[in-house]
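In this note's numbering, the protein residues as written are 21 to 279. Okay, structure first, notes after.
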């Protein structure tokens, strides 16, 4: 089956969720990838959303954390305060799954503004629970489309801390957990280099060249000594993803590509 770069990105991200793990999910691309994982490789993954649903199993992708589909399909719903204090800060979240508007070489995230904070070119949706997720989850996955505008040498604003300034910066900041362990894009997969915690390319998606990745990155991106090729999406993965998108489009009155 043929597939798009966006489908490759979503499938590659879904594969990173281990079955049985507890995942704190962001809306948008993270939610799509996490629910694809639940429908394919990780049927027992426990999805938690900021508004309080635990074990959510939506049949369509939620429009927001307040979407009733999440509560209606969850094993239980608890107050938002409990999600953060007991589950997240209590060390019970295995994976935080986040999107970003901008990311830097150390996995720090900007979802606040593009440009000067007081006179921004673009004001973004803001932090939500992302800073707490990035700070307290045992590990963090980041998913976003790759371009030199989104993969920048210096963030316009640090909304959520990844590995800070690199090296032992995260440890010195007193943040628990491993921080970001993977950035999945429509071109490749990046992972933090041991010691420096700078993100380097460890896998290229089929048909993608190193030159494409370099051109789409705002810093001097480096590659692992041995760069793998990401396995192409299977028919099962693509069918599950496309069915999910079609159900979502029908439910929300969207064209299928907007789901």
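Each residue gets a CB set at the ideal place from its N, CA and C atoms; glycine is no exception.
Task: Residue of 24, 64, 178 minimising C-alpha distance to residue 39 - done: The residue you call residue 39 lines up with position 19 of the chain shown. Residue 64 is the option with its Cα nearest to residue 39.
TODO: Have a look at 253, 260, 58, 217 and flag the residue whose alpha-carbon is nearest the alpha-carbon of residue 244.
DONE: Mapped onto the chain shown, residue 244 falls at position 224. Minimum Cα distance to residue 244 is reached at 217.
Open item on the list: If I follow the unbroken alpha helix (DSSP H) through residue 210, where does it start and stop?
Closed with: Locating residue 210 in the chain shown gives position 190, counting from the first residue. That residue, residue 210, is in no alpha helix (DSSP H); its beta strand (DSSP E) goes 208-212.
Open item on the list: For residue 252, which residues in the same chain have their Cβ closer than 8 Å to its Cβ, ignoring the five residues on either side in sequence?
Closed with: The residue labelled residue 252 in the question sits at position 232 within the chain shown. Within the same chain, residue 252 has close Cβ partners 23, 28, 226.
Task: Simplified DSSP assignment, three categories, for residue 259 - done: On the chain shown, position 239 is the one that residue 259 refers to. DSSP places residue 259 in helix when its eight states are reduced to three.
Task: CB-CB length for residue 56 against residue 31, believed under 8 Å - done: In the chain shown, residue 56 corresponds to position 36, counting from 1. In the chain shown, residue 31 corresponds to position 11, counting from 1. 7 Å between Cβ atoms; contact.
Open item on the list: Under 8 Å: do the region 170-183 and the region 231-239 share three or more Cβ pairs, one atom per stretch?
Closed with: yes
Open item on the list: For the pair the region 111-130 and the region 156-173, tell me if three or more CB-CB distances fall below 8 Å.
Closed with: yes
- [ ] Answer yes or no: do residue 128 and residue 184 have a C-beta to C-beta separation smaller than 9 Å?
- [x] Residue mapping note: residue 128 aligns to position 108 of the chain shown, counting from 1. Residue mapping note: residue 184 aligns to position 164 of the chain shown, counting from 1. Yes; because the gap between Cβ atoms is below 9 Å, this pair is in contact.
Task: For residue 143, three-class secondary structure by DSSP - done: The residue labelled residue 143 in the question sits at position 123 within the chain shown. DSSP places residue 143 in strand when its eight states are reduced to three.
Task: Reduced DSSP secondary structure (H/G/I, E/B, other) of residue 161 - done: Here residue 161 refers to the residue found at position 141 when the chain shown is read from its first residue. Looking at residue 161 - three-state DSSP - the assignment turns out to be strand.
TODO: Going by CA-CA distance only, name the one from 201, 82, 122 that's closest to residue 143.
DONE: Counting from one through the chain shown, the residue named residue 143 turns up at place 123. Nearest of 201, 82, 122 to residue 143, Cα basis: 122.
Open item on the list: By the DSSP assignment, the beta strand (DSSP E) with residue 8 in it spans what residues?
Closed with: Because the chain here runs from 21 to 279, residue 8 falls outside it and cannot be looked at.
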